[in-house]
Structures are given as structure tokens and as C-alpha cells.
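Below: the structure, in C-alpha cells.
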Amino acid sequence: MAVPPDDGRKAATLYESIPLVPQLKNYGYTPSSMAENAYTSDRTNGVCVNYEDHGGVWQFLYPSLSQRLPLRGIVWKNHLQTNKTIDRLHVNFQHIPSGGGAADTGVLDTSGLVFLFVVKCEDMETYKTKIKPVLSAWVDRMTLHHNEWLVLYVPLGTQATAAPASASRGLTSAFSQTFRDSSKVYRKIFERMKIDFADKTVKMDRICKIEVLEGNSVVGGVPGQQQQHESQWSEVLIKLKTCIMDAFDTRCAEYEEQLRHLDGKRALSGWDFSSFLQVKESLALLYIQATLFDDAIRHYDELEAIYTSVDVPSATSRRLHMDKSDPILTATPFDIDMTSVRMNIAVNAASPLYIRLYLFCRQVAISYLMDAHGDVCTRGLDFIPQFLAMLQQIDDLPPTLPLQWAVGAALALCVSCEHEVDRDHGEAMAKHFGELLYLARRHCKALVALPTTASSSSSSWYHSLQSPDVLNDITHLASVQFARAGRARFAAFLGGQCARHAIAAAATAGGGIPDDTCCPRLLTQMQQYEKDQWWALMYPTVDALIATEIRRGHLEEAIDLCIHWMKLDAARDVWATVFAMWVDALAQAAAQDVVVPVVWTHLFEPTVVVTQASLASVQLQLTLKNTLGVAIVLDHVDVLFDQTSQRQLHSMTSMDDCLSLESLVPSEVEGGTHSRMRATTAATMTNIDDFTASLNHEATCTDLPPATPTPTATNKSMVISLAECALAARDHARFDLKGVPCVGHFVCHRVNCRLGAYAFSLPLDEPVAFDIEHAYKSTMAVTVECAPLLLPSAATPLVVVVDPKDDALLGGRVVLRCRGARGFDHPTGGDDTTQEIALQVPPTTSIWRAEVKLTSGSADDATGRVDVDVECHYAFTHASTAVLRRLACQTCHVTRPVAPPVEAAAVSTKRVGDRAFVQIQLRCNDVMGLYIDPAAYELICPSTGVNLLNEAVVETELRVLANPNAQLQPLTLLPSSTWYACFVLQVPRDDVALPEATSGDHEELTLRLFYKTALDGTDVATAAAAVAYDVRLRDWLPRSVPTDAMFHLTTRMLENALSTSSSPPIRRSQWVDFAVDVTPPKQSYAHEKRETWIALDASSARYWICAGPAVQCLRSDHVQFRLRPLHLGRLPLPSFMLTTRPCVDARYEVCPVDASHVQQAKTHVVVVVG
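Everything in the sequence shown is counted per full-length UniProt numbering, starting at 1 for the first residue and increasing by one.
Rendered as C-alpha cells:
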């Protein structure tokens, strides 16, 4: 039984309880003898052929005949001269006994279209004495009744056994000889039969022969006779097909003539519809046998139309009668005996109800034959309401029985169709099933509304239709089918009805929880209603869905649904129930500590603007925008301002605390008067330290009770409350609020609200801050004096300056913190690893200074920086009065780079024999300028520590021959500027071995210079003593490359001689071929797995352009380049550079060969215009 997917157990049970109605599969009238005949086709439809078997050969003939059936490709022309093709025509063979029965009485069975005479005859004598008289009488009878007939002669070959020569011959020759002997006899009999019974009226020969000889079709084929055997069968099938269609045309013409005669009398009184139905149905059944179903169903449609148009209302009303125990009301909706109904129609004794039901069953049966299941559903949708109206006209029937029949008929048709089609049927069939099920639902709904009547004679499934559960099952099945058909609106509506049934059933059962399918169905219905903007239908669905979600404990989903509805414009008129359920769900969530995933700022957008902030008053304007489509009243609103600590004030340079000094300075009562005594400095500093610790502690904000009606202020926060806040739908509401002022810095990050029992916060997009300060503000300033540049691994003095200005300092403490340095060094207890030190500030009215040493990082960290934070907590009064004492805090920040004052940018050395000309490029730092005297340079030898510029050097291998820096004037350098220091040194030759004591001098020297800082407004000449600084010169003396370790390149032009004096000039547009001879070094330069490549160097690429490969591999000692000059005049001859690459992949690890290892001549050529 086909059951839609996702159906529940009850739906499956409902489907399984509905039986398949056999009346809907009775395709037409079939004689009882055909049911007992073993030689009928598998399907009951098909034409009938009557046969007589004379000789008992049908049992051998039929197996071969059945393999060649049904008949195929028959073209038939109807009475309108329209060609129709019958693809497959089934043939049912009905045996008629020969020599008795109908033949003796002269009564002929006319159920068959064609009559077949099958005869066996082995000799001529038998034919003349027995076969011919019988066959002659049979042919006369066929001619008399104008029947199509056919004679099939089947010789069995029994004469073959009488051949005496077969035993002495070979098997093949014996069979061949026997076949030839017997074939002559059979041929004579067949020819005589054709002559005796030739049909003179038609040109077709009605005599056929199938040779079923021994050794042919029974035992095995005689060689050469199989083709003849197949041609005989083809002839039989062609003649059988012709006879069938001729008989079919004759029958159709007779029925059509009778119908024309009867239809012509329809306008006359007393017209007999029964005779007309008999003839027209006979024609329709004939079409069914020929598989012309569209013509057959057309005739039944005409019968229905003619019957409903017969103008006999009074007679019909009198004849409408049906007992409540009738099978169609107690068993199945279509439980009628088709044969008896047809017989009653023939004698005008059938009720109009049975005639209509009979015609409908015939139409449905033909539609099933056509596999037109959609047509079955469509006809059911039209017929069931009409037949229901006829049943309801019967007064004797209870009102429930007609409705039960209508529901059962719709369900029976739906089940019967689903049993035939595939499970995954298309949208079209799902639409038909949905409409049929919806028809059943409509009548079932009316049936459930009626009082239940007990009926013991009704079947169980028929009686159970008057049940709300069955109505719900039918509704669910219709919803599934409409969803498959793409009718989302109807599917959503029906799904919602199922959900409401489940909710009502749970409520009836004692307040139980509905099943899991209710909420998804209601949600689908709600979404569809919202899509179609059917607000009147959507609100009850939303109401039921929210109530169900709350009952199931799904508070988050219920709250989200409430918000979704209240955001719609349609909620403005109907929202009270949803709002009440929203508040209730929020209260339950608050009681159960359920986190509600709601972005409250999407519902209420807060804006806070401080209009006035002073010691006199704090005034602000609160604006709340309600984005919902309904009016909302918030029970309580708090605007919370947090008071921040001084450590959090990065953007402020000073702040006065709201506490006065009286809370820190001890006091006592004398003589009933409150006298103040000046505290000692130590006691005051202790109190300041305690106050600083309280400022550094992270502040915690405590919310006030929600019912507080007035604004309040504490040391940690300021809360301004609003008792009730009414917000109109999609509108702004502005409220002017006032608060109690107090000194401090306040920041508002959020607005706290309460709706019923649920509290939530509304964060502001940007914090709102304001300051309330005293009338008098501290003027004390804290600064730090430090050199603009810190040297690596050096202690730099740092001076903290506290300037009271108009304040009178009562004491305090300065805290210094550093980052990026080793630490502070202070005589009072700090060491070089301390990152934070504290200095006590005594009471004073003048400038106070304190010096500490700051040690920077090592030379390896010379690219870093040092950050120093200074924080001073102090107590002060105004210099003019000491009545009011307050606490304050000042901060400052200093950043200094850490870098050397001078660095060696480049060292270039040129050796000529035993002399080295050294040029040192020096660069000033980027922060401050320097004052340097070049005459004071010192060149230190690291091995001996001797200054080579001022003292005689004993070692002759390294000494200064000339110092041109001694004649230079003092230099004033700007930041990032460069200058040069030059020396001429005597060095040993390359072939002289150096002692171990002096071998390192050729790798590193130290240039010591003395500088003064050139600060703005400072006279450098009168400044403090110069500071010495050493600049290390690494690898200042390159070693010469041996000749046998160098590449030697020789470049020559192939067109001209290399000598420029005798070679003509080169034209600019001329391509010149250059040959480069490469002599590799005697020592192996590159690894054996690397290759050497050659290309133009960077200097030559500015003057020459290459055609062809610009980089070539040195696989021999000769390469060639084609070049063209880019400029006119005297150009340098092309020079080349060498690189090494891996042999496997030359795209990676390219290593250039140092230019000192490549020797090539430097010559020039002349380029002219041309």
C-alpha cells in the first residue's frame, strides 16, 4: 500500500484499512467460458477468437502461436476516416467443442470476432470422407451469420513412420526422403481444400497451413525447412490480423448504425434509454478489446451526458431509493455487482443511483487501463459531490451515511491510484491526490460535526470515518500531497489545522504537552501567511504557536516569535495577547536563569546627551527609539554613569578627587570646638599612599534597586532613574533627567531597563563622559629632563622636576616606571635592574628636583627605545589660603630613542703595493646634532691598544703614513648627516706572512672620536667636556685575490680588430657580435654540482642592449653575444659578470661571483650616427 512519506502511524493505519475496490478494475464484459479457458491472454482485455480443434492439434500449435502474439502495428481507420495505430492487440482464444452443443442447435456464440477451424488430415481419403463434409457445413454456417472465418490446416506428419526405407538409410537422408514423400500428400490435400472452400466474395485466401511434422517443430527442424515454416506463420498472422480488423469494422459499423437509429428517436416520448445504453456500451466494450481506450471512454462520457440530460425529474425522484444496509453504504463505496446492474439496466429495473455509479465505475476502469490516474482523480472530484447530493435526497437514510460514502469514495480512489503509481510521483499527481484528499476532508469535517449514529452493519473502516482523529489524518495526508505539488499555501494551512488538532487533543487529555510536529507545522503556516501578507490569518497562528512553545518550555523560540510579530506593521491593531505572552516568557526566563538571545538595541535604540555637568547640577537628555510596531511601556529605566580611576585616564593630565584632605589629616575635639591640627609629613604620606592604593583598585559598580525613584550618587557610580517609560510604536521618546552632582570623571556605557520581571541592558554606541571639577584646580606640573638620545649600555642622568607654581605642596610621592631599559640606579636603594622606583616629595612651595640614573640596553638593542612614565600623587592647598586641602595626581610620559651617536656607514680601501688608502664614511644619528674635531681622531690597534696616529709604531707591518684629518676644522653636524675620515697606512704585501699578534689588525681597527652635543641654544665651544666614542672598522683591509684564482675574460669584436686606433667606429643602428673568451681559475671555484653563467653587468647594461639570450651557460671557454649600442660617442667596451647556479634547477640559489675574482680589460669604442 502506497503511503506518503513522513506520515504518522495513524495515517498509515488509515490507508491500510481502506481496501482496493475490485469494481474499479473490472474492464468489461467477459464471458464466463473465457475465464476457464487456458488459452486466453494474461490481461482480460483483447479480442476473442473462437476455434474448433478437429484432430487434437491445438496443444501442439498454441505454444508456437503464443510466442508470436500479441499482434503489433495495426493501423485502423475509424468512421471519421482517421487513422489510428494499435500498438499491441491481445488475442484471446476460446475453444468451442466440435460436433455437438451449439453446432447441433444452430445457435452460434457471437462473442468472438473471428472463427478458426483447426483441422488435421493425413491422407486424401480421410479428407473426402470425414473432413470435407464437416468443414463444408461449418463454412456455410459462418457465411450465413456473416462471420469472419479462417481454416488452419496442420499436418502432423504421421505418414513418416510408414516409410520402410528409413531404417536402411542415413538419418538425414531418411528424414529428407520422408519429408518429400509426405509433403506431396499434404500439398495435394491443401490444394484441394483451397479449391473446395475458396471465398468468391473476397480476394483473400482463407485457407492456411502450418506443417508440424515429426522432425520439424516437435523433434527438430529438417534442414532447409525452417525458413518455409516461418513464412507459413507470417501468412497465418497476416490473415488472422486481416480477419480480426474486418470483423471489428463490421461490428463497429453495425453498432454505429443502431446508435444512429436509436439516437434519432431520443426526442420522442417514451424513448428507451436502456436499449441505447446496451448498444453504446457494446461498442465501447468492443473498443476496449481493441485497446482503443480513448474511443471507449468517449462513449461512456456520452452515455453519462445523455443520461443526466434526460428530462424525467419526477420519475427520477420517485425512483431514488436505497436501503441503509446497501453494500455501498456498509462495505465499500463502489461495492456493486456490475453484471447484475447491467442486466437490470437492460430490463429498465435499475435505480438511477446504480446507473450513475455503474457508468462511473466503467469510466474509472478504462482510465486505469490508460494509466490516466490523474483522470481518475478528476472524475472522482466531479462525481462524488453529484452522487452525494443524490444520496442526501433520500429521506430514509441517516444524514451520516451519505457523508461516510463521500469520504470513503474519495479515500478509496486515492488509495487505488497510489497503489498503481510510483511512490515518487510528480507534482501533477500530487496535486490530484491533494484535491481528492481535501474533498474527503471537507466531507469528513461535516461528518464529524454530526451526532454519531451506531451502525452495526457497517464495516470498521467505514464506521471509523466519523472521528476527529480520522479528520486529522486526512488533513495531514492532504497537506503532504499539496506540499509535493508545490502548493505551499494550502499545505501550510492544512499543516496548521493538524497542529491545532494536536493542541486541542493535548488540552482535552488533561493539559498535556503537544507532540513535536505541532510547532513546525504552525511555523510553516505562519511563514506562508506572512509571505502572502494574510495578517488576519497570521495572528491566530502566531498566538497558537507562541502558546505552544511556552507550554513546551521553549522560551527562546517563544520570545523570538513575539518580537517577530511585534515588528510587523500589522501588529499595531492586534498585539495585546502576544505582548502579554512576551512578558510572561521573559519572566519565566528570568526565574529560570535562561539566557535570552535578543539584541535589545535592535528593539530599543538609546541615546544619552549630557546637557549640563557642574557642581550645581547634572542634567541629561535620554532618547529611546522604539523599533517595534506596537507601543511598549518599560517599567523602570536607569542611566548608569561609572566613575573611573586615575589610572584609566590616559587622555587627561590632571584630576582633582572629590575627597578633601580633612578625611586624611587627624583631628580632635577640644573644649567642645572642632580644632584642626597639622599632621606630620610622614603621617600625611602614609595617608596619601593609602589613597593611591584605593585609586589603583579596580572599581566595581553596584546597581541600585530598580524601584529607586530619585537620582542618587555614590563614590563609584551615579545612577539616574526613570520610574516609567512609555514608548510609542516606531517613534522616539525623549526624557529630561537630573542627577545629584559630585566631583569626578563619569562615563556612561549602558542604560539598564526592566520590563516586567526581566532586566536587560542597552549598550550605547559610544560612551558618554563628563567631568565635574572644583572651582579651583591644581597648577602643579611634573616634567622630566633627559638627554634626547640614550647610548647603548650607558647610564644617562634623568631629572624629575616638580613645579608647584601657585600650589603649596603638603607632600607626595613620585613613581617612575620604565620600559625598554635595564632599570634605574638611585642612591636611595634602587639598582640597575629596578623597573620602578618611588621618590618622596617633601612639602614645598618652590621647584623640587630629583636626579636618577637610567641604564639603557646593550649595544645589541641599539635600535630600540625607552619609555618612562612618571606619576605623582600629592596633597596641596592654594598658596593664598590653607582652609581647603585636596588630593590630586599628575602624570607625564617621556620617550627616548636608544642608538649610537655615530656609526660607520661604509669603509673603502684601495691597496697599491704596501700602501692602503682608507676612506671611512661616518653617519650622524637621527636625533641630535654633534660637534666633532677631526684633529682629535685616534686610530686604535686592538691587539696592542696603541693609537697609530700619535705614537710611533714599532711593528713595520702596520703604521700610518698620512693623516689628512689633522688639518680639518671642527665640524658641526646635523642629524643624519655624513662626513668622511681618510688615512694612508703602510700594510704588508699579500705574499708576506703576518705574525699572530698583528694578524687581527688587518681585520678590525677602532676609530675613536670625541663629540659634544649640539643642542638648541647651547654654545658648543663652551660646552662641557667632549665624550669619547669608538667606531669599529671591520674588514677594513681586503686581501688581494691570487691571479690563479681569478676568471680571465677577453672581449673582442668579430667584425673589427680590438684596437680602437685602427678599427672603424660602430654605427648606432648596427648589431655587433662580441666573442668572450673565458679562462677559468686553476683552483676549482664552484661546486661540482653547480654551473657558471655569464651575462652583461649592470654598468654595461646602461650602454648596450642584447639580442638573443642575455644569460648564457659557460659550457666551453668561448661564448658569443650580439649587442647594439644605446648611446653615441665613446662607450666602454662591454664587461660581464659571472654567477653560479645549481645544475638541477637554475631558477633558484643564484650566487654571483665576486667582481674581485673576475679580471677583464677596460677599453672603449666609438659609436657614430648611422
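All C-beta atoms in this analysis are idealised placements derived from N, C-alpha and C, irrespective of residue type, glycine included.
Just so it is clear, the structure is predicted and the values come from calculations on it, not from any experiment.
Just verifying my parser: in three-state terms, what is the DSSP assignment at residue i?
{"i": "Tyr529", "result": "helix"}
{"i": "residue 1226", "result": "Outside the shown range of the chain, which is 1 to 1170, sits residue 1226, and nothing can be said about it."}
{"i": "Thr834", "result": "strand"}
{"i": "Thr1163", "result": "coil"}
{"i": "Ala944", "result": "According to the sequence displayed, residue 944 carries Thr and not Ala. Correct three-state label for Thr944: coil."}
{"i": "residue 1195", "result": "As shown, the chain starts at 1 and ends at 1170. That puts residue 1195 outside it, with no answer to give."}
{"i": "Ser908", "result": "strand"}
{"i": "Trp149", "result": "strand"}
{"i": "Ser846", "result": "coil"}
{"i": "Ile474", "result": "helix"}
{"i": "Asn344", "result": "helix"}
{"i": "Gln1120", "result": "strand"}
If we ignore side chains and look at the alpha-carbon of each, how far apart do residue i and residue j end up?
{"i": "Met928", "j": "Pro975", "result": "5 Å"}
{"i": "Leu948", "j": "Val984", "result": "11 Å"}
{"i": "Val1078", "j": "Val918", "result": "33 Å"}
{"i": "Arg822", "j": "Leu1033", "result": "28 Å"}
{"i": "Leu357", "j": "Glu257", "result": "28 Å"}
{"i": "Ile195", "j": "Met370", "result": "45 Å"}
{"i": "Leu1049", "j": "Phe1136", "result": "8 Å"}
{"i": "Arg911", "j": "Pro1042", "result": "14 Å"}
{"i": "Tyr937", "j": "Ser793", "result": "23 Å"}
{"i": "Ala406", "j": "Ile328", "result": "11 Å"}
{"i": "Asp1154", "j": "Met1046", "result": "10 Å"}
{"i": "Gln393", "j": "Leu320", "result": "8 Å"}
{"i": "Asn92", "j": "Glu427", "result": "38 Å"}
{"i": "Glu254", "j": "His145", "result": "13 Å"}
{"i": "Thr129", "j": "Leu65", "result": "29 Å"}
{"i": "Arg572", "j": "Ala729", "result": "8 Å"}
{"i": "Tyr758", "j": "Ala591", "result": "9 Å"}
With burial defined as no fewer than 16 other Cβ atoms inside 10 Å of the residue's Cβ, what is the status of residue i: buried or exposed?
{"i": "Cys1143", "result": "exposed"}
{"i": "Gln481", "result": "buried"}
{"i": "residue 1186", "result": "An answer regarding residue 1186 cannot be provided, because it is not within the stretch 1 to 1170 covered by the chain."}
{"i": "Val312", "result": "Residue confidence is low: Val312 scores 46 on pLDDT, short of 50, so the model does not pin down where it sits. Its coordinate-derived value is still stated next. Result: exposed."}
{"i": "Met124", "result": "exposed"}
{"i": "Pro402", "result": "buried"}
{"i": "Ser269", "result": "exposed"}
{"i": "Met526", "result": "buried"}
{"i": "Met322", "result": "buried"}
{"i": "Gln67", "result": "exposed"}
Could you give the residue range of the beta strand (DSSP E) that holds residue i?
{"i": "Ile932", "result": "929-932"}
{"i": "Pro763", "result": "758-772"}
{"i": "Leu61", "result": "That residue, Leu61, is in no beta strand (DSSP E); its alpha helix (DSSP H) goes 58-66."}
{"i": "Leu286", "result": "Looking at the DSSP string, Leu286 is not in any beta strand (DSSP E); the run it does join, the alpha helix (DSSP H), is 273-289."}
Going by DSSP, what residue range makes up the alpha helix (DSSP H) through residue i?
{"i": "Phe360", "result": "352-369"}
{"i": "Arg298", "result": "293-309"}
{"i": "Leu135", "result": "132-144"}
{"i": "Met429", "result": "427-449"}
{"i": "Ser1100", "result": "1098-1101"}
{"i": "Trp233", "result": "226-263"}
{"i": "His749", "result": "His749 -> not in any alpha helix (DSSP H); beta strand (DSSP E) instead, spanning 744-755."}
{"i": "Leu388", "result": "373-392"}
Three CB pairs or more closer than 8 Å across the segment 783-803 and the segment 847-857: yes
Do three or more CB pairs link the segment 342-350 to the segment 290-300 at distances below 8 Å? no
Flag this pair as touching only if the segment 545-560 and the segment 580-597 have three or more C-beta atom pairs under 8 Å; answer yes or no. yes
Sufficient close CB pairs (3 or more, under 8 Å) joining the segment 901-909 to the segment 804-814: no
Using 8 Å as the cut-off, can you tell me whether the segment 467-475 makes contact with the segment 413-421, which would need three or more C-beta pairs spanning the two stretches below that distance? no
Given 8 Å, three or more beta-carbon pairs between the segment 730-746 and the segment 576-590: no
For the 8 Å Cβ check, are there 3 or more pairs between the segment 1117-1131 and the segment 1068-1076? yes
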